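Here the structure comes first, spelled out in structure tokens, and everything after it is commentary.
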Amino acid sequence: MRIDVSIPDTDDAEPVQSFFGWITADTELAGSIDVTRSSSAPGHMGALDIINVTLTHLVAISNLAMVYAAWRRSRPEVPTVVFRVGAVTVTASDASPETLDRLCETLRTALDTDDAS
Numbered sequence: 001m002r003i004d005v006s007i008p009d010t011d012d013a014e015p016v017q018s019f020f021g022w023i024t025a026d027t028e029l030a031g032s033i034d035v036t037r038s039s040s041a042p043g044h045m046g047a048l049d050i051i052n053v054t055l056t057h058l059v060a061i062s063n064l065a066m067v068y069a070a071w072r073r074s075r076p077e078v079p080t081v082v083f084r085v086g087a088v089t090v091t092a093s094d095a096s097p098e099t100l101d102r103l104c105e106t107l108r109t110a111l112d113t114d115d116a117s
């Protein structure tokens, strides 16, 4: 169950690096995810980085959403974050309860569909 996370609307690599740090440091996610970074295009690094999150179970989606919300609230300005499972994308531009619910529901549905195929 793989989710790709990117921050496409910035030339600054710091938000990706910061969110990666929050994900890897979270004790609730430890043991239920495997996190790596990759580039969206060969030869490109920095702002084009993608965080690859591999979940071991669907419950970790809620934990990932909570880490996203905490990270977002800790920053004065945060660009839009895109979560992708296969062809399904969720664009999150805030950490409202509605956005977090939509994020969790869409990712669960996409991962359930992905696992069934």
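If you count the sequence shown from 1, position 101 lands on 101 in the working numbering, and the numbers rise without skipping.
Every residue, glycine too, gets a C-beta built ideally from N, C-alpha and C.
Computed from a prediction, not measured in an experiment: that's the story for all the values here.
Using a Cβ-Cβ distance cut-off of 8 angstroms, the segment 69 to 81 and the segment 95 to 106 are in contact, since at least three pairs of beta carbons, one from each stretch, lie closer than that value.
Going by beta carbons, THR80 and THR91 fall inside the 8 angstroms limit. ASP49 sits close to ARG37, with the two beta carbons spaced by under 8 angstroms.
DSSP places THR24 in the uninterrupted alpha helix (DSSP H) bounded by 14 to 25.
CA-CA distance, GLU14 to ILE51, rounds to 13 angstroms. A buried status is given to SER6, since no fewer than 16 other beta-carbon atoms sit within 10 Å of its beta-carbon.
Annotation for CYS104: ILE61, SER62 and ALA65 place their beta carbon closer than 8 angstroms to its own, counting only its chain and skipping 5 residues before and after.
LEU55 is positioned such that its CB atom lies closer than 8 angstroms to that of SER32. Residues of the same chain with a CB within less than 7 angstroms of the CB of HIS57, apart from the 5 flanking positions on each side, are SER32 in chain order. Look at SER62 here: in three-state DSSP terms it is helix.
Under the DSSP definition of a beta bridge, SER6 partners with ILE50 and VAL82.
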